[in-house]
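Student: One structure, as structure tokens, below. Some questions next.
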Amino acid sequence: MKPEPNDVILHTVSKLTAVIIFTFSIDLFWAGHHFPGGGFIGGLTTAAGIVLLYLSFDIERIQTNLPIDYKKLAALGVLISVSTGLAGMIYGDNFLEQTFGYFDLPLFGKTELATAVLFDIGVALAVIGTAVTIITSISEDGL
Amino acid sequence: MSLLHFIILLPFFAAIIIPYIYKKFNAKIHTGWFVVVIPLVILIHLALQIPNISTGDTILLSMPWIPSLGINFDIYVDGLALLFGLIISGIGTLVVFYSIFYMDKKREELHNFYVYLLLFMGAMLGLVVSDNVFVLYTLWELTSVSSFLLIAYWYERKKSRAGALKAMIITVFGGLAMLAGLILLTMITDTYSLREMFANVTLITESSLFIPAMVLILIGAFTKSAQYPFSIWLPDAMEAPTPISAYLHSATMVKAGIYLVARMTPIFGGNAAWFWMVGGIGVITLIYGSVRAVRQTDLKALLAFSTISQLGLIMSLLGVGSAALYFDIGDAQEIYAFAIFAALFHLFNHSTFKGALFMVVGIIDHETGTRDIRRLGGLMSIMPLTFTIALIGSLSMAGLPPFNGFLSKEMFFTGMLSASEISFFTLEELTILFPIIAWVASVFTFIYCLILLVRPFFGTFKPDKLPKEKIHEAPVGMLIPPAILGALVVLIFFFPNLLANYILKPALISVIPGMTMETVPFKITAWHGFQTELWMTIGVIVLGSILFVAIKKWNIAFRVYPDKLSLNYLYSNGIENLEQGSASFTNRYMTGSIRHYLLYIFVFIVLILGTALIVFDAITFDFSNNAYVTVYDIGILAAMVAATFTVLFTKNRITAIVALGAVGYLMVMLFVIFRAPDLAMTQMVVETATTVLFLLCFYHLPKLEKKIEKMKFKVTNLVVSLAVGVTMTVLTLVATGHQLFTPITTFFENAYELAGAKNIVNAILVDFRGFDTMLEIAVLLIAGIGVYTLVKLQHKGSDSDEAGTK
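This is how it looks when you write it as structure tokens:
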């Protein structure tokens with residue numbers, strides 16, 4: 249067994265950075281409707297944050313604290329996207345027909361809610377799941 | 020979907036749920052008990068249609084399948100379809116019942132067995148009732164596939180796999196030929212419906228594609244029905260479990276070719292080429308099969324060759340009978356139509372006696388553990404019931420009274436004798452060969468029927484030569500199905516016209532369109548005086564018996580025939596050479612070196628794009644609409660070029676990776692300058708992820724070494740890379756100057772009104788082109804799973820290998 253490397257700085261910085269990256273990625277995701285951003289970019293940024301955690305700590309520790317099966321996450325993402333497409337068909341629209349509306353919500357005021365966001369969540373999850381799956385399986389291969 | 024559609028598709032539905040039933044109940048109840056209900060329901064439902072169909076009516080039901088291509092699952096039930104449907108469901112019921120006792124519920128993988136069996140049953144039923152030629156073709160191939168699966172059911176045996184592959188290669192080859200023939204027919208008549216083709220027969224007969232279409236379709240029929248020289252797959256198919264041999268390889272699937280020939284007779288019949296091909300190949304197969312059968316020592320192989328021979332018999336009758344289409348309604352037509360009538364009758368009879376015989380052989384195999392006639396003997400007193408059924412079956416096949424085979428054999432002679440009187444086709448002096456070959460083949464048929472009966476059941480019992488001890492009669496369940504068939508064999512002899520009036524005549528009028536139920540004059544009688552046919556039968560019995568007694572004296576003659584001339588030798592040699600040839604050809608370019616593969620890709624890019632540019636005379640430049648080039652652009656481009664050259668010339672791999680990343684990030688800056696923030700962000704994130712991936716892979720890669728490459732290699736690479744660069748640059752410059760299609764940007768301008776989104780790019784991604792995005796993330800997921808399985812399973816595989824070697 250190798251001696252534990254002393255990487256306090258790396259740990260501390262990446263802990264802090266990870267929070268910022270995750271927050272930023274959520275912001276990117278939400279911004280997508282009206283400003284640059286969206287599911288793909290948001291998802292990939294989140295994946296980058298997760299990979300940063302993996303790099304600075306080790307895979308086992310992250311897995312115990314963040315017990316997510318990324319393969320299933322990716323599958324879930326595709327499932328969500330496909331089912332939002334199917335949901336439109338229930339109301340007699342075409343497959344993947346998106347809709348939106350403006351609602352008055354407490355605290356938020358007049359808010360736009362769009363089904364496209366649901367679809368985008370699916371995209372984001374698929375991207376996160378696939379990216380992390382690929383990166384972890386290749387890196388584990390070397391261990 | 021009508022009730023009949025549901026009934027026809029019932030086996031497919033059942034195939035889906037059988038594995039679950041197997042899982043839940045098989046410990047207590049044999050899965051076969053659930054399966055046997057399916058063919059029984061179908062049989063009853065089809066039997067209820069008999070009163071309707073026997074008046075000359077037909078049923079036509081349509082169900083859209085791929086309406087955009089005009090392909091519908093149209094069910095057309097006439098007499099011919101009903102005859103086959105009854106055989107398929109009837110023999111199917113008996114075979115499944117038989118398999119309950121034949122297949123051990125603990126040792127066998129019954130869920131596989133019954134799923135394949137049901138798959139076949141559904142495909143075969145659908146095949147005979149389908150009116151659409153493409154549905155017919157699809158199901159035709161599905162029967163080949165399910166036959167493949169069933170032959171290879173005991174897949175751990177090498178012979179099973181080889182037999183399955185052989186059957187598959189030959190029948191699918193024929194199926195593809197048939198598809199080509201069917202496509203020709205649809206091109207001539209401009210319809211996919213068989214009925215509409217029948218309505219436009221003159222269109223087909225006058226077409227120049229008449230003969231090609233005929234030959235192609237016949238190749239399909241001949242391969243499926245194991246006609247000479249395609250017959251070699253059938254004996255090897257006997258590696259399947261015996262219920263399967265009884266079902267697919269004697270009663271139903273091999274008769275699909277017969278069905279096709281009968282079905283196509285209204286189109287092609289009355290033509291000399293059709294007459295000679297169907298009739299000629301038929302009699303050749305007849306004599307080939309019967310002579311080869313005499314030589315066999317394995318009971319199932321004997322039955323296989325006998326099936327080939329009997330299929331040839333039916334085929335030759337259909338060939339001779341097709342002459343009826345040459346005439347208008349009248350006496351002359353009746354003479355030849357009688358041959359078709361005989362073919363349909365023998366088809367039914369063959370299913371009964373051959374089914375019974377296969378089940379008998381299955382019983383012998385099951386109880387004694389061997390099918391080798393050199394080890395068997397004296398089973399008559401041990402298995403009296405089995406013997407009785409074998410007696411009925413083999414004497415019927417030999418053509419003796421009081422069994423149904425006698426009736427159809429006499430009718431067969433009648434048909435062959437009428438063939439010798441044909442004077443209106445080419446080569447009429449050869450037609451005399453039909454009755455002669457038929458008679459000689461019947462002698463051999465008689466001999467192998469005696470071998471089948473005498474060798475296992477008479478003589479001395481040799482218990483020490485048998486693998487199993489305490490030989491006894493089979494369980495009742497295994498005896499019931501062949502006993503039912505045996506009873507049918509006898510009953511049909513005494514009441515043949517019941518079968519003829521209700522089932523055979525409706526089938527006949529669908530083969531010969533000019534006839535109606537009222538005008539079919541035929542009646543089957545056992546006794547019609549001392550005519551030529553009866554003398555022929557007596558001759559067969561006398562000569563056959565003499566030759567059987569003296570068999571040891573003359574069957575040495577078989578050994579003279581060299582193996583190198585046999586069809587099997589040709590086949591296996593051909594396959595071997597084909598495999599070796601294609602392997603050496605493929606290995607020449609599939610070198611396993613990624614450099615070579617990239618070279619191919621790039622060369623083809625240059626060839627295709629370059630040729631297109633030159634052929635379409637597209638190299639014209641128009642820069643009038645281009646924006647000004649700013650100093651930023653030039654600076655970034657210069658940096659990119661510098662980074663690229665760093666990648667090429669660095670000796671350190673990590674420098675190469677960083678430089679490659681630099682190219683990507685500089686691209687991000689370009690996007691920013693051109694005010695495409697979405698692209699810039701995406702490019703940046705992707706670039707980051709790629710760099711991380713590269714660094715991970717970097718861990719595994721060997722040290723970068725500058726090998727001294729050959730000059731030739733370097734020059735080739737230089738030429739190819741320059742060519743790619745020049746082609747792509749020219750293409751890009753040309754593309755900006757041309758606008759072939761109206762731009763779709765206007766469509767996206769109202770994104771806020773249509774999608775409620777101010778960000779057009781995202782509106783395109785999730786809404787306007789949402790389908791693309793959905794498929795893209797699906798592809799992404801598949802790629803992820805692919806990487807995961809490649810990396811992880813490779814590890815597991817090597818682990819188990821190591822465990823195996825330890």
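Heads up: the sequence lines are chains A and B, in that order.
Using this note's numbering, read the first sequence as starting at 249 and increasing by one per residue.
Using this note's numbering, read the second sequence as starting at 20 and increasing by one per residue.
Every residue gets a Cβ at the ideal spot worked out from N, C-alpha and C, and that includes glycine.
Nothing here was measured: the structure is a model prediction, and the numbers come from that model.
Taking the straight line between their C-alpha atoms, what separation do you get for residue 409(B) and residue 523(B)?
Tutor: So the alpha carbons of these two residues sit roughly 26 Å apart.
Student: Would you kindly work out how many angstroms separate the C-alpha atoms of residue 685(B) and residue 691(B), rounded to a whole number?
Tutor: 10 Å
Student: Which stretch, first to last residue, makes up the beta strand (DSSP E) that contains residue 79(B)?
Tutor: 78–80
Student: Listing by chain order, which chain B residues have their CB less than 7 Å from the CB of residue 297(A)?
Tutor: Simply none; closest approach about 11 Å.
Student: Please confirm whether any heavy atom of the ligand MN lies closer than 7 Å to the CB of residue 281(B).
Tutor: Among the ligands in the structure shown, none appear at all, so the ligand MN cannot be discussed.
Student: Between residue 167(B) and the rest of its own chain, which residues show a CB-CB distance below 8 Å, the 5 nearest in sequence each way excluded?
Tutor: 183, 184, 186, 187
Student: Anyone know if the C-beta pair for residue 705(B) and residue 386(A) falls short of 8 Å?
Tutor: no
Student: Rounded to the nearest angstrom, what separates residue 306(B) and residue 333(B) at their Cα positions?
Tutor: 12 Å
Student: Would you mind sorting residue 821(B) into buried or exposed? The rule is 16 or more other CB atoms within 10 Å of its CB.
Tutor: Any reading at residue 821(B) needs caution, since the residue's pLDDT is 41, under 50, leaving its predicted position unreliable; the model's value is listed next. Classification for residue 821(B): exposed.
Student: Buried or exposed: where does residue 646(B) fall if 16 or more other Cβ atoms within 10 Å of its Cβ makes it buried?
Tutor: Exposed, because fewer than 16 other Cβ atoms sit within 10 Å of the Cβ of residue 646(B).
Student: DSSP state of residue 96(B), grouped into three classes?
Tutor: Residue 96(B) falls in the strand class under three-state DSSP.
Student: Return the chain-ordered list of same chain residues with a C-beta closer than 7 Å to the C-beta of residue 294(B), the five sequence neighbours on each side being excluded.
Tutor: 338, 341, 342, 444
Student: Taking C-beta to C-beta, are residue 391(B) and residue 317(B) nearer than 8 Å?
Tutor: yes
Student: For the alpha helix (DSSP H) containing residue 278(A), list its first residue and its last residue.
Tutor: 256–279
Student: Starting from the Cα of residue 34(B), find the closest Cα among 23(B), 56(B), 48(B), 783(B) and give me that residue.
Tutor: 56(B)
Student: Name the chain B residues that come within less than 8 Å of residue 346(A), Cβ to Cβ?
Tutor: 774, 785, 786, 789
Student: Can you pull the chain B residues whose beta carbon is under 7 Å from the beta carbon of residue 282(A), in chain order?
Tutor: Chain B residues near residue 282(A): 776, 777, 778.
Student: Evaluate the contact criterion for the stretch 465–479 of chain B versus the stretch 504–521 of chain B: three or more CB pairs, one atom per stretch, below 8 Å.
Tutor: At 8 Å Cβ cutoff, the stretches do not touch.
Student: What residues from chain A crowd round residue 696(B), counting only those whose CB sits closer than 7 Å?
Tutor: 284
Student: Following the continuous alpha helix (DSSP H) through residue 454(B), name the residue where it begins and the one where it ends.
Tutor: 452–476
Student: At which residues does the beta strand (DSSP E) containing residue 83(B) begin and terminate?
Tutor: 83–85
Student: Under 8 Å between beta-carbons, which chain B residues line up against residue 375(A)? List them in chain order, please.
Tutor: Under the 8 Å cutoff, chain B gives 796, 799.
Student: Compile a chain-ordered list of the residues in the stretch 311–338 of chain A whose CB is closer than 7 Å to at least one CB of chain B.
Tutor: 319, 322, 323, 325, 326, 329, 330, 333
Student: By how many angstroms is the C-alpha of residue 360(B) removed from the C-alpha of residue 466(B)?
Tutor: 26 Å
Student: Using 8 Å as the limit for Cβ to Cβ distance, is residue 371(A) near chain B?
Tutor: yes
Student: Taking Cβ-Cβ distances below 7 Å as the criterion, which residues of the stretch 122–154 of chain B are in contact with chain A?
Tutor: none
Student: Is it buried or exposed for residue 642(B), if we count other Cβ within 10 angstroms and need 16 for buried?
Tutor: exposed
Student: Near residue 152(B), which residues of its chain fall below 6 Å by C-beta distance, leaving aside the five closest residues on each side in sequence?
Tutor: 201, 211
Student: Could you name the residues that DSSP lists as bridge partners for residue 61(B)?
Tutor: According to DSSP, residue 61(B) bridges with nothing at all.
Student: Roughly how many angstroms separate the alpha carbons of residue 298(A) and residue 701(B), rounded to a whole number?
Tutor: Rounded to the nearest angstrom, the gap between the Cα atoms of residue 298(A) and residue 701(B) is 18 Å.
Student: Would you list, in chain order, the members of the stretch 668–685 of chain B that have their beta-carbon closer than 9 Å to a beta-carbon of chain A?
Tutor: none
Student: If you run the structure through DSSP and keep just helix, strand and coil, what is residue 367(A)?
Tutor: Helix at residue 367(A).
Student: Hey, would you say residue 137(B) sits closer than 8 Å to residue 238(B), going by beta carbons?
Tutor: no
Student: DSSP on residue 343(B), reduced to helix/strand/coil?
Tutor: helix
Student: Using CA coordinates, which residue listed in 364(A), 378(A), 384(A) is at the minimum distance from residue 277(A)?
Tutor: Ranking the options by Cα distance to residue 277(A), first place goes to 364(A).
Student: Hey, residue 415(B) and residue 471(B) are a contact pair by Cβ (cut 8 Å); roughly how many whole angstroms apart?
Tutor: Rounded, the Cβ-Cβ distance is 12 Å, inconsistent with contact.
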